[in-house]
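>
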Ligand code: IMP
Ligand code: MG
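Residue numbers (this note's numbering): 285 to 459.
#1: Thinking just about the alpha-carbon of each residue, which of 315, 304, 440 is nearest to the one in residue 386?
#2: Can you list the alpha helix (DSSP H) stretches of 4 or more residues lying completely in the stretch 389-448, in chain order?
#3: Taking the alpha-carbon positions, what's the residue 448 to residue 455 distance?
#4: According to DSSP, residue 457 sits in a beta bridge with which residue or residues?
#5: Measure the beta-carbon distance from residue 377 to residue 406 and round it to whole angstroms, keeping in mind my assumption that it falls under 8 Å.
#6: Check the C-beta distance from residue 351 over to residue 371 and give it rounded, since I have them as a contact under 8 Å.
#7: Please give me, in chain order, every unbroken run of the alpha helix (DSSP H) with length at least 4 that falls completely inside the stretch 290-335.
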C-alpha cells in the first residue's frame, strides 16, 4: 500500500507484467509496420515511460515526437481538452502511432485524432497501455491495448495523481 497526498493506493499490475506486455505490443507494431517508418507521437506527460519502453521494443525504424494535452484535474476528467504543446513534425503521407498512457472517456484521444488527421497522414494507429472500457464515452478505434482495466483511478508507470506517482515502476489502483 502507498499513500499520495490524501489517497491510498494498492498494488495493481507489476513491473514485470507491464514489461512483458509492452514487449508484445512492440513486436506486434514491428510486424504490422514492417517496411515503413512510423512516427510515434507520445502524449505528454503520462506516456513518457510507456513510450520509452515501447520504442525500445520496436525493431523497425521509427521517429518519435510528442504533443501535450490536458483534460484531467485530480482524479476526474474536466470534460475539456487543452492543447499545451502542438505537433512539430510533418505528418503528410506518414504512418502515425499515437501513444497514450491511458484512455478513459476517450475525449483526449478524439481530440488528438482530429489534430493528426488534419495533417493528412497515410495511416493512423492508436496505442495505449491502459483502457477503461466502462468509462469510454467517445467511440474511438484503439489498435494496441496493453490492459483493459475497470473504471478505477490508477497511478504509476508515468501516470500521476496531482502530479505525483509517475516514477513508480509498477501500477497502483485507488483503494
Ligand atoms: P480521457 O480524455 O478521459 O480519455 O482521459 C485521458 C487522460 O486522462 C489520460 O491521458 C491521463 O492523462 C488521464 N487519466 C485518465 N484516467 C487516469 C487514471 O486512472 N490515472 C491517471 N491519469 C488518468
Ligand atoms: Mg495522458
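Think of the CB as a built atom: it goes at the ideal place given N, C-alpha and C, for glycine as much as any other residue.
Reading from the atomic positions:
#1: Here residue 386 refers to the residue found at position 102 when the chain shown is read from its first residue. Restricting attention to 315, 304, 440, the CA atom closest to the CA of residue 386 is found in 440.
#2: If we require 4 residues or more, the alpha helix (DSSP H) runs fully inside the stretch 389-448 come out as 391-401.
#3: As a working note, residue 448 is residue 164 in the chain shown. As a working note, residue 455 is residue 171 in the chain shown. Near 13 Å, if we compare the C-alpha coordinates of residue 455 and residue 448.
#4: One-based indexing of the chain shown puts residue 457 at position 173. According to DSSP, residue 457 bridges with 294, 438.
#5: In the chain shown, residue 377 corresponds to position 93, counting from 1. In the chain shown, residue 406 corresponds to position 122, counting from 1. Cβ atoms of residue 377 and residue 406 come within 8 Å of each other, at about 5 Å.
#6: As a first step, residue 351 is located in the chain shown; it is residue number 67 there, counting from the start. As a first step, residue 371 is located in the chain shown; it is residue number 87 there, counting from the start. Confirmed, about 6 Å.
#7: For the stretch 290-335, whole alpha helix (DSSP H) runs of length 4 or above, ordered along the chain, are 299-316.
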